[in-house]
Amino acid sequence: MSYTYTGDAHLALSASYREDDDPFPTDTSLNFPRRDHLRDDVHLFTRLIFPRCWNAGSLVENESALREEVRELAALCYDGIAPYSDEDPAIVVESVFERLPEIRQTLKKDVEAAYKGDPAARSYIEIIRSYPGLQAILVQRIAHAFYEMGAPEYARELTEYAKMESGIDIHPGADIGDYFFIDHGTGVVIGETVTIGDWARIYQDVTLGALHFEEEEDDEHTLKKGYKRHPDIGDSVVIGAGSKVLGAVSVGDHVSIGANSWVTEDVPPHTSVYISDHPTHERKPKK
Numbered sequence: 001m002s003y004t005y006t007g008d009a010h011l012a013l014s015a016s017y018r019e020d021d022d023p024f025p026t027d028t029s030l031n032f033p034r035r036d037h038l039r040d041d042v043h044l045f046t047r048l049i050f051p052r053c054w055n056a057g058s059l060v061e062n063e064s065a066l067r068e069e070v071r072e073l074a075a076l077c078y079d080g081i082a083p084y085s086d087e088d089p090a091i092v093v094e095s096v097f098e099r100l101p102e103i104r105q106t107l108k109k110d111v112e113a114a115y116k117g118d119p120a121a122r123s124y125i126e127i128i129r130s131y132p133g134l135q136a137i138l139v140q141r142i143a144h145a146f147y148e149m150g151a152p153e154y155a156r157e158l159t160e161y162a163k164m165e166s167g168i169d170i171h172p173g174a175d176i177g178d179y180f181f182i183d184h185g186t187g188v189v190i191g192e193t194v195t196i197g198d199w200a201r202i203y204q205d206v207t208l209g210a211l212h213f214e215e216e217e218d219d220e221h222t223l224k225k226g227y228k229r230h231p232d233i234g235d236s237v238v239i240g241a242g243s244k245v246l247g248a249v250s251v252g253d254h255v256s257i258g259a260n261s262w263v264t265e266d267v268p269p270h271t272s273v274y275i276s277d278h279p280t281h282e283r284k285p286k287k
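For the sequence shown, position 161 (counting from the first letter as 1) is numbered 161 according to the UniProt record's numbering, and the numbering increases by one without interruption.
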């Protein structure tokens, strides 16, 4: 079955583009080297969210071209959902596309958080085009909208592709607040029932995961589904490289968790968690 999107997401996106100002790019003539992709839907989402950074400046100036690109993407999403659902995927697609300008505004906050949170960041364009954490959260925020609207399988396809590209595994079910930044990012895992507040900053090799799994009653070897098993992270939390926060624990606002920490209990607000006794290194001359 073919599907044609007839909504007006392109008009809302066009208005959103006109609101952009420095330090976000405003020049529609920017031209970068081509970057091949394996999923057309992710590629088009990326172009629609930050068109000036992905050789799609014409979409900012031409509403007809923008409408056609939105329709092309909507048809891809429809086809991606259809094999998993007995319901009409158009309802999900149209609901998610109505939220695209809102998602775009949230992602602009994520870019700001990355710039403010990384001393190495030189520009917003650099972050949008090269930071794996931004790539991962861009796809996850869109996938989360599909997840919430009842298309979790298609949402998981999107985030699995983002993991392959970025090395960052964020489940589409995770509920993540504004101004989110993953620095470096390799090996980060964020589970399905995680919640994260605003202005959280996470470093490489962090796991926000389950401590143990429950089994279904009277069903041998089948793990229970649909229950809370991952942590809740508050506002303005920093989680250092290699740390593991496991189980349905609560980490309060303004908490700092030092590198390589192992957290399996609640942490109250305004607390620092760190390893007090680091291993002692010994040195001896090589023979």
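Glycine included, every Cβ here is placed at the ideal spot set by N, Cα and C.
Is residue j closer than 8 Å to residue i when the C-beta atoms are compared?
{"i": "V194", "j": "T207", "result": "no"}
{"i": "A90", "j": "Y3", "result": "yes"}
{"i": "G80", "j": "P132", "result": "no"}
{"i": "D183", "j": "D110", "result": "no"}
{"i": "P231", "j": "A259", "result": "no"}
{"i": "L30", "j": "G7", "result": "no"}
{"i": "D40", "j": "L76", "result": "yes"}
{"i": "I257", "j": "I239", "result": "yes"}
Beta-carbon within less than 6 Å of residue i's beta-carbon, same chain only, minus the 5 sequence neighbours each way: which residues are those?
{"i": "R67", "result": "H10"}
{"i": "Y5", "result": "R71, A74"}
{"i": "Y17", "result": "V60"}
{"i": "A151", "result": "I81, V92"}
{"i": "G242", "result": "D205, A259, N260"}
Do you know offhand how far residue i's Cα is from residue j's?
{"i": "E215", "j": "K225", "result": "9 Å"}
{"i": "I137", "j": "D175", "result": "11 Å"}
{"i": "S95", "j": "Y78", "result": "12 Å"}
{"i": "A200", "j": "E157", "result": "25 Å"}
{"i": "K163", "j": "I103", "result": "20 Å"}
{"i": "H37", "j": "E265", "result": "41 Å"}
{"i": "K116", "j": "M149", "result": "32 Å"}
{"i": "T271", "j": "H171", "result": "27 Å"}
{"i": "A210", "j": "Q135", "result": "24 Å"}
{"i": "residue 294", "j": "V251", "result": "Nothing about residue 294 can be reported from this structure: the residues present for the chain run from 1 to 287 only."}
{"i": "G173", "j": "E160", "result": "13 Å"}
{"i": "D169", "j": "Y124", "result": "23 Å"}
{"i": "D198", "j": "Y179", "result": "6 Å"}
{"i": "K244", "j": "D277", "result": "17 Å"}
{"i": "D219", "j": "F213", "result": "14 Å"}
Of the choices the options, whose alpha-carbon is the least far from that of residue i?
{"i": "F32", "options": "K287, C53, V42, T26", "result": "C53"}
{"i": "S85", "options": "A155, A56, Q204, V245", "result": "A155"}
{"i": "V255", "options": "D235, L246, W262, K108", "result": "D235"}
{"i": "F24", "options": "G185, I275, P268, I127", "result": "I127"}
{"i": "L107", "options": "R122, P83, I239, F45", "result": "F45"}
{"i": "F181", "options": "I196, E192, D253, S276", "result": "I196"}
{"i": "E63", "options": "A15, F50, I49", "result": "A15"}
{"i": "E165", "options": "H43, T28, D22", "result": "H43"}
{"i": "E153", "options": "P83, K286, L246", "result": "P83"}
{"i": "Q140", "options": "K287, R122, E69, G191", "result": "G191"}
Output needed for residue i: all residues of its chain with C-beta closer than 7 Å, excluding positions within five of it in sequence on either side, in chain order.
{"i": "G187", "result": "G167, Q204, D205"}
{"i": "I49", "result": "R104, L107, L138"}
{"i": "E87", "result": "none"}
Spatial neighbours of residue i within its chain, please: CB distance less than 8 Å, with the 5 preceding and 5 following residues excluded, ordered by chain position.
{"i": "T26", "result": "D20, R52"}
{"i": "H281", "result": "none"}
{"i": "D253", "result": "G197, G234, D235, S236, V237, P269, H270"}
Three or more C-beta pairs below 8 Å linking the segment 140-158 and the segment 84-103: yes
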